[in-house]
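Residue numbers (the numbering used here), protein chains in the order written: chain U, 1 to 82; chain V, 83 to 542.
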């Protein structure tokens with residue numbers, strides 16, 4: 001499934017707000033290892049912010065299995081994020 | 083049937099021959115289903131003994147179908163509560179003692195792991211997008227009661243299970259897979275039959291020592307029992323994973339270097355992994371998502387996380403047993419992990435993630451953190467085997483056990499400088515080594531006087 005055109009800039013904005021870092025740049029391989037504040041607690045904050053931004057609900061397994069930003073893009077695209 | 087019995091070997095071998103005789107997915111699913119039914123049935127002398135398990139499976143299937151129908155959260159929550167209450171009643175949790183008890187002949191072997199799979203599947207069905215294939219009775223039975231994972235896991239994910247079931251017709255066993263799987267089965271059986279037996283005897287011997295300080299004996303006994311549990315449990319998982327590979331299943335690992343952990347959070351990333359992951363997905367994350375709607379500041383989120391970890395690990399500990407000792411075990415697990423998370427969060431704020439990583443890499447810090455992590459977990463496990471009336475010097479035992487871990491770590495670090503290249507897989511030496519292990523196992527299986535300890539996790 002192709003990504004909505006606005007997905008990447010909106011996702012970057014969500015990440016910047018959640019992690020309070022205006023300089024944050026995302027690639028598909030960006031993961032918790034690359035962002036200082038991304039731990040198990042911030043992961044859930046991030047999931048909540050993504051759900052709000054794209055009007056979707058991620059299941060418990062989807063939220064838990066996410067490993068990097070590339071997987072998040074795919075998931076939001078597959079869920080038809082608005 | 084015990085893994086190390088000729089009957090179990092016969093069942094597995096018969097199933098393996100029948101499975102590979104016809105390259106058809108439906109045939110192969112039927113073979114595994116039949117072998118699984120025989121295996122589950124082998125725990126009962128009379129079919130009536132399985133009544134509780136059958137009732138639980140039937141209600142579980144109903145819950146899965148209810149999840150698929152996507153009812154309101156109140157209805158689904160009540161249904162989940164009912165299933166968990168049935169589980170607690172069947173397992174005779176001491177808190178339910180005032181209630182009428184289930185018939186004494188009903189057996190509950192495998193019930194805990196069935197519960198985890200059913201809850202996982204029902205929640206996934208509830209939260210799935212439309213179009214997810216329905217869960218048929220055969221796929222449900224194979225998921226919850228598979229010959230490979232019924233007794234003590236691992237807790238595989240249903241989507242992986244379904245994908246592997248559908249590809250069974252294409253699976254052909256090559257010699258490399260057969261060798262690796264057989265080798266792993268042999269290693270697992272040896273871990274259970276020889277290593278765990280020896281460690282069990284050592285544990286009993288240490289407990290009898292009176293010529294050393296009580297705290298040193300207690301600390302050492304805790305560590306030996308932890309190693310015994312590891313050999314016993316990870317050995318059974320080796321058997322299961324090896325056996326599954328012979329039938330085309332890639333089951334998830336349950337142990338990845340747990341004894342290398344530098345804190346309790348890391349430890350649970352490598353110990354009983356599929357259980358930890360289950361609790362993370364279906365307890366911790368939902369608690370955090372619930373709290374996250376109100377907790378907006380980093381500080382409140384940190385405290386929410388500490389609370390979430392405490393609750394999650396308390397429940398995980400509580401699951402292990404039905405008596406008050408397991409309530410204390412759960413409380414200790416929860417407190418240990420919550421304090422670890424609090425410390426980690428505060429230190430990350432103060433030093434940043436990189437700074438904390440650098441601190442943790444310092445030799446003295448790393449050795450102390452390693453020692454106290456393993457020692458703390460080993461001490462909490464003493465609630466599983468404690469002898470009533472026997473002294474349990476916790477503080478002294480913690481320091482003694484940590485000192486022993488640090489000493490073992492030093493020996494390990496020196497030893498790891500010497501590399502052993504091993505033998506080429508499939509070569510003559512490796513075949514000889516596999517043969518030697520098989521011969522040892524056959525000798526144990528035929529020796530009726532050889533007593534192998536029960537699989538600890540079978541009791542859960």
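Think of the CB as a built atom: it goes at the ideal place given N, C-alpha and C, for glycine as much as any other residue.
Under 8 Å between C-beta atoms of residue i and residue j
i: residue 271 of chain V; j: residue 309 of chain V; result: no
i: residue 238 of chain V; j: residue 187 of chain V; result: no
i: residue 234 of chain V; j: residue 195 of chain V; result: yes
i: residue 391 of chain V; j: residue 372 of chain V; result: no
i: residue 263 of chain V; j: residue 324 of chain V; result: yes
i: residue 107 of chain V; j: residue 250 of chain V; result: yes
i: residue 97 of chain V; j: residue 113 of chain V; result: yes
i: residue 370 of chain V; j: residue 395 of chain V; result: no
i: residue 456 of chain V; j: residue 311 of chain V; result: no
i: residue 118 of chain V; j: residue 232 of chain V; result: yes
i: residue 18 of chain U; j: residue 54 of chain U; result: no
i: residue 346 of chain V; j: residue 419 of chain V; result: yes
i: residue 184 of chain V; j: residue 172 of chain V; result: yes
i: residue 260 of chain V; j: residue 201 of chain V; result: no
i: residue 412 of chain V; j: residue 398 of chain V; result: yes
i: residue 473 of chain V; j: residue 210 of chain V; result: no
i: residue 417 of chain V; j: residue 454 of chain V; result: no
i: residue 145 of chain V; j: residue 526 of chain V; result: no
i: residue 516 of chain V; j: residue 265 of chain V; result: yes
i: residue 449 of chain V; j: residue 488 of chain V; result: yes
i: residue 333 of chain V; j: residue 236 of chain V; result: yes
Extent of the continuous alpha helix (DSSP H) run through residue i
i: residue 307 of chain V; result: 296 to 328
i: residue 408 of chain V; result: 406 to 443
i: residue 348 of chain V; result: 346 to 352
i: residue 226 of chain V; result: 219 to 227
i: residue 65 of chain U; result: 60 to 65
i: residue 356 of chain V; result: 355 to 361
Where residue i falls: helix, strand or coil (DSSP)
i: residue 544 of chain V; result: What the structure shows of chain V is the stretch from 83 to 542, and residue 544 of chain V is not part of that stretch, so it cannot be assessed.
i: residue 89 of chain V; result: helix
i: residue 196 of chain V; result: helix
i: residue 173 of chain V; result: coil
i: residue 1 of chain U; result: Only weak support is given to the placement of residue 1 of chain U: the predicted model assigns it a pLDDT of 49, under 50, and the question is left unresolved by the model.
i: residue 291 of chain V; result: coil
i: residue 99 of chain V; result: helix
i: residue 186 of chain V; result: coil
i: residue 80 of chain U; result: coil
i: residue 376 of chain V; result: coil
i: residue 56 of chain U; result: coil
i: residue 532 of chain V; result: coil
i: residue 540 of chain V; result: helix
i: residue 235 of chain V; result: coil
i: residue 214 of chain V; result: coil
i: residue 339 of chain V; result: coil
i: residue 84 of chain V; result: coil
i: residue 333 of chain V; result: coil
i: residue 395 of chain V; result: helix
i: residue 403 of chain V; result: coil
i: residue 72 of chain U; result: helix
i: residue 559 of chain V; result: One cannot answer for residue 559 of chain V here, as it falls past the ends of chain V, which runs 83 to 542.
i: residue 454 of chain V; result: helix
i: residue 154 of chain V; result: coil
Check: residue i C-beta below 7 Å from any heavy atom of the ligand MG
i: residue 327 of chain V; result: This structure lacks the ligand MG, and indeed carries no ligand of any kind.
*asked:* Threshold first: 4 residues or longer. Then list the alpha helix (DSSP H) segments lying entirely within the stretch 462 to 524 of chain V, N to C.
replied: 476 to 497
*Between the stretch 36 to 49 of chain U and the stretch 383 to 390 of chain V, do at least 3 Cβ pairs fall closer than 8 Å?*
yes
*Stretch pair the stretch 311 to 331 of chain V + the stretch 424 to 437 of chain V: three plus CB contacts closer than 8 Å*: no
*Counting pairs of Cβ atoms below 8 Å between the stretch 287 to 307 of chain V and the stretch 53 to 68 of chain U, do you hit three or more?*
no
*Is there contact between the stretch 209 to 224 of chain V and the stretch 153 to 169 of chain V, where contact requires at least three CB pairs shorter than 8 Å?*
no
*Would you call the stretch 29 to 37 of chain U and the stretch 175 to 184 of chain V in contact, with 3 or more CB pairs under 8 Å?*
no
*Determine contact between the stretch 191 to 209 of chain V and the stretch 275 to 293 of chain V, defined as no fewer than three beta-carbon pairs at a distance below 8 Å.*
no
*Would you mind listing the alpha helix (DSSP H) stretches within the stretch 7 to 51 of chain U that are 4+ residues and don't spill past its ends, in chain order?*
Counting whole runs of 4 or more residues, the stretch 7 to 51 of chain U contains the alpha helix (DSSP H) stretches 7 to 18.
*Decide yes or no for the touch test of the stretch 459 to 478 of chain V against the stretch 435 to 447 of chain V: beta carbon pairs closer than 8 Å, at least 3 of them.*
no
_If we require 3 or more residues per run, which beta strand (DSSP E) segments fall completely within the stretch 97 to 147 of chain V?_
none
*What residue ranges within the stretch 244 to 280 of chain V form continuous alpha helix (DSSP H) runs of no fewer than 4 residues, ordered along the chain?*
257 to 272
_Three-pair Cβ contact test at 8 Å for the stretch 87 to 106 of chain V versus the stretch 148 to 163 of chain V_ = no
*Members of the stretch 358 to 377 of chain V near chain B, C-beta cut-off 8 Å*: The displayed structure is made up of protein chains U and V, and chain B is not among them.
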